[in-house]
Structure formats: structure tokens, C-alpha cells
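Q:
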Amino acid sequence: MLGSKPRVHLYILPCASQQVSTMCDRGASNHSEMTDFILAGFRVRPELHSLLFLLFLFVYAMILLGNVGMMAIIMTDPRLNTPMYFFLGNLSFIDLFYSSVIAPKAIINFWSESKSISFAGCVAQLFLFALFIVTEGFLLAAMAYDRFIAICNPLLYSVQMSTRLCTQLVAGSYFCGCISSVIQTSMTFTLSFCASRAVDHFYCDSRPLQRLSCSDLFIHRMISFSLSCIIILPTIIVIIVSYMYIVSTVLKIHSTEGRKKAFSTCSSHLGVVSVLYGAVFFMYLTPDRFPELSKVASLCYSLVTPMLNPLIYSLRNKDVQEALKKLLEKKNISL
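Residue numbers (our numbering): 69 to 403.
(1) With distances taken from CA atoms, which of GLY240, PRO276, ASN135, ALA239 is nearest LYS363?
(2) So what does DSSP say about SER323, is it helix, strand or coil?
(3) When we look at the beta-carbon of LEU396 and count the other beta-carbons within 10 Å, is it buried (16 or more) or exposed?
(4) By DSSP, does ASP268 sit in helix, in strand, or in coil?
(5) Over the uninterrupted alpha helix (DSSP H) stretch that includes SER167, give me the two end residues.
(6) Any chance you could list the alpha helix (DSSP H) runs of at least 4 consecutive residues sitting entirely within the region 234–288, in chain order?
(7) Would you decide whether HIS129 is buried or exposed? Buried here means 16 or more other CB atoms lie within 10 Å of its CB.
(8) What residues in its chain sit with their C-beta under 7 Å from that of PHE195, if we drop five residues either side in the sequence?
(9) Put ASP356 into one of helix, strand or coil per three-state DSSP.
(10) Whose C-beta lies closer than 8 Å to the C-beta of LEU148 among residues of the same chain, with five residues either side of it excluded?
(11) Excluding the 5 residues flanking PRO151 on each side, which residues of the same chain have their C-beta closer than 6 Å to its C-beta?
(12) Would you tell me roughly how many angstroms separate the C-alpha atoms of LEU119 and ILE175, rounded to the nearest one?
(13) Nearest to PHE121 by CA position, among LYS173, ILE298, GLY326, is which residue?
(14) Could you tell me which of LEU116, ASP273, ASN221 sits nearest to PHE187, measuring between CA atoms?
(15) Using the C-alpha atoms, what's the distance from PRO114 back to CYS297?
(16) Flag this pair as yes or no: are the beta carbons of THR203 and ILE162 separated by less than 8 Å?
(17) On the DSSP bridge list, what partners appear for PHE293?
(18) Which first and last residues belong to the beta strand (DSSP E) in which SER184 is found?
(19) Quick test of your reading: TYR313 and PHE155, contact by CB under 8 Å. State the CB separation rounded to the nearest angstrom.
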């Protein structure tokens with residue numbers, strides 16, 4: 069009609085084009101909470117999943133049997149009530165729990181189609197694994213110091229390695245592991261996750277989670293590198309210096325039997341240190357463009373090392389072997 073005002077119809081299209089739609093989705097994902105992640109696992113053929121399931125199940129069963137058995141032997145035999153076996157019992161406890169953080173979920177995912185893990189579950193997995201793996205590093209350094217005192221100052225061993233000091237060393241290891249884990253976990257999960265939810269790993273680890281982030285990772289990586297140096301360098305220095313003194317002392321022993329006995333008490337610990345730190349260094353030095361190599365290295369220190377530790381200590385230690393025989397004899401008599 070004449071004189072009437074023209075009507076203007078305003079249509080608001082949230083994302084009219086595919087490009088804008090992608091930007092909208094990305095912007096929403098930046099500010100929305102992630103509900104879950106997908107653990108991609110290993111890039112293998114589906115028919116190999118059954119084989120991997122059996123392999124992981126076997127390894128985890130060996131971890132449970134070996135570490136629970138080691139703790140039982142140490143707690144039941146009074147002859148093993150020494151600082152060395154106190155540390156060894158704690159090592160078995162740590163191996164048992166940090167492998168249990170990873171193995172059950174990985175085993176389930178071989179049969180699960182979704183392979184999902186909740187956001188809270190991913191946070192818990194990263195926190196607990198970081199806690200126990202860092203604690204183990206400091207505990208191995210404490211065990212190296214224990215061997216140094218036992219071989220270089222045997223007459224003062226019972227005085228210097230008192231129950232109070234051993235407890236403080238173990239508690240300090242857990243404290244350092246907890247502080248490191250809190251820092252690492254909080255840094256990782258304050259990132260903005262705007263890429264795919266698929267974590268290219270068989271558990272929640274910081275490096276594959278960083279690949280999902282659209283945040284600037286420079287500061288994050290600098291802090292992670294500094295934290296790794298603070299953790300690894302002191303423990304490595306303590307282990308190397310301790311064994312330098314140990315080797316120097318052992319070479320001064322004139323009797324062949326004495327040298328053999330001294331080296332036998334250290335060879336098991338050196339084997340555990342070599343496997344753990346070798347796998348850790350290999351994983352962190354592997355470029356991001358080779359994620360499968362990182363997974364193999366992670367598999368070594370997350371599952372293979374906890375399985376081998378009880379075997380290494382039981383096969384190389386006569387006291388543990390005798391305690392195991394005694395425990396089995398008691399069970400046979402009771403039956």
C-alpha cells in the first residue's frame with residue numbers, strides 16, 4: 069500500500085558455507101568441554117587385534133603374578149627386612165599400579181568398537197601414570213645410593229641406611245612424582261582441543277594429546293622440557309656417580325668371589341635402569357612423524373619393564389630364590 073513503510077526481513081544463517089561452518093565448529097570446540105577421547109591404539113590390521121589382545125593379557129598377567137609375588141615374599145620373609153628389599157618392594161608396588169593404569173583399558177579396547185575414554189578417565193590415566201613413572205625414576209636413584217653405601221661403606225651401612233632415611237627417600241620419591249604429575253597434567257588439560265578427538269596412542273599421554281591442540285605449544289614444550297631435565301638429570305647423576313664409586317671399590321677387592329658377589333648385587337639394578345631409561349630416551353627422542361615408534365617405546369617402559377623387573381631380581385638374587393622356595397614349601401605343607 070502507498071505510504072506504508074517497506075518491511076525488511078532479516079534472516080540470520082549461523083554458518084552459511086562449509087568454510088564458515090568449520091570455523092563455527094572450531095570456535096565452539098575451543099570453548100566447550102571435551103566429553104571423551106578416542107584411543108586409536110596401534111595401526112594394525114583388524115585380524116591382528118586378537119593376537120594383541122592375547123599378548124597384552126599375557127603380559128599383564130605376568131605383571132600381576134610377578135609383582136604381587138615379589139611383594140608377598142618380601143613381606144613374609146624376615147630375612148628380607150633390609151633397606152634393599154624395602155626399596156624393591158616399593159618398586160614392585162609402583163610397577164604393579166602404573167601398569168594397571170594402562171593395561172586393562174588397552175586390553176578392553178582391542179574388542180571395543182568405540183575405543184573411547186572419558187575426559188575424566190583420560191585425566192586420571194595421565195596423572196597416575198606420570199605420578200608412578202616419575203616416582204620410579206627417583207626410587208631407582210635411591211636404590212643406587214643404597215648399593216653405594218652397602219659396597220663402599222659396609223661397616224656404616226646399618227647406621228647410614230636407617231629405617232627413617234629409607235622411609236624419607238621413598239616418601240620423597242612419591243612427593244616428587246606427585247608434584248611433577250600435577251604440573252604435567254594441569255598443563256596438558258588446560259590446552260584448547262580443537263582437532264580430532266582421536267588420540268594416536270593406546271593410552272592418554274601428553275605428546276599425542278598435544279597434537280590435538282590448537283594452542284600455541286611453545287611455552288608448554290619449554291616447561292615440559294625443563295621439567296624433564298629437572299627429573300631426569302638429578303636421578304641419572306646420582307646413579308652414574310654411585311656406580312663410579314662402586315666400580316672403583318669393587319676393582320680394589322682382591323678376591324674373585326668378593327668381586328662376583330658385589331657385582332651380582334648391582335647387576336639387577338643396572339638392568340632395570342637400562343631398560344627403563346633406554347625406552348624413555350628413545351620415546352622422547354623419536355620425532356612426532358614416527359608415532360608408531362613412540363608407541364613401541366612406551367610399550368617397553370609401561371608394560372615390558374614391570375614384567376621384567378621381578379624376573380630380573382628373582383633370577384639374579386639368591387636371597388629371593390631361597391625365600392620363594394621357603395614360601396612354596398610352607399604352602400605345600402599347609403595343603
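Even for Gly, the Cβ is constructed at its ideal location relative to N, Cα and C.
A: Reading off the structure:
(1) Here residue 363 corresponds to residue number 295 of the sequence shown, with the count starting at 1. Per the Cα distances, PRO276.
(2) The sequence position of residue 323 within the sequence shown is 255, counting from 1. Note: SER323 maps to coil in three-state DSSP.
(3) The sequence position of residue 396 within the sequence shown is 328, counting from 1. LEU396 is exposed by the Cβ-count criterion.
(4) Locating residue 268 in the sequence shown gives position 200, counting from the first residue. DSSP places ASP268 outside both helix and strand once states are collapsed to three, so it counts as coil.
(5) Looking up residue 167 in the sequence shown gives position 99. Residues 151–177.
(6) 274–278
(7) Taking the first residue of the sequence shown as position 1, residue 129 is located at position 61. According to the sequence as given, residue 129 is Ala; it is not His. The residue is exposed, with fewer than 16 neighbouring Cβ atoms inside 10 Å.
(8) Sequence index remark: in the sequence shown, residue 195 carries index 127 (1-based). Here the set comprises SER249, THR253.
(9) Looking up residue 356 in the sequence shown gives position 288. The answer is coil: DSSP assigns ASP356 none of H, G, I, E or B.
(10) Taking the sequence shown and counting its residues from 1, one reaches residue 148 at position 80. So the list reads ILE141, ILE142, ASP387, VAL388, ALA391, once near-sequence residues are dropped.
(11) Residue 151 sits at position 83 when you count from the first residue of the sequence shown. For PRO151, the CB contacts under 6 Å within the same chain, skipping 5 residues up- and downstream, are ASP214, MET229, CYS234 in chain order.
(12) As a position in the sequence shown, residue 119 is number 51, starting the count at 1. As a position in the sequence shown, residue 175 is number 107, starting the count at 1. Our two residues, LEU119 and ILE175, have alpha carbons roughly 11 Å apart in a direct line.
(13) Position 53 of the sequence shown, counting from 1, holds the residue named residue 121. Between PHE121 and the set LYS173, ILE298, GLY326, the nearest pair of CA atoms involves LYS173.
(14) Taking the first residue of the sequence shown as position 1, residue 187 is located at position 119. The shortest Cα separation from PHE187 among LEU116, ASP273, ASN221 belongs to ASP273.
(15) Reading the sequence shown from its first residue, position 229 is the one you call residue 297. Reading the sequence shown from its first residue, position 46 is the one you call residue 114. The alpha-carbon atoms of CYS297 and PRO114 are separated by roughly 39 Å.
(16) Translated into positions along the sequence shown, residue 203 becomes position 135. Translated into positions along the sequence shown, residue 162 becomes position 94. At a Cβ-Cβ threshold of 8 Å, THR203 and ILE162 count as neighbours.
(17) Here residue 293 corresponds to residue number 225 of the sequence shown, with the count starting at 1. In the DSSP output, where bridge partners are listed per residue, PHE293 has none listed.
(18) By one-based count along the sequence shown, residue 184 stands at place 116. Note, SER184: beta strand (DSSP E), 184–186.
(19) Walking along the sequence shown from the start, residue 313 turns up at place 245. Walking along the sequence shown from the start, residue 155 turns up at place 87. Wrong, their Cβ atoms sit about 18 Å apart, outside the cutoff.
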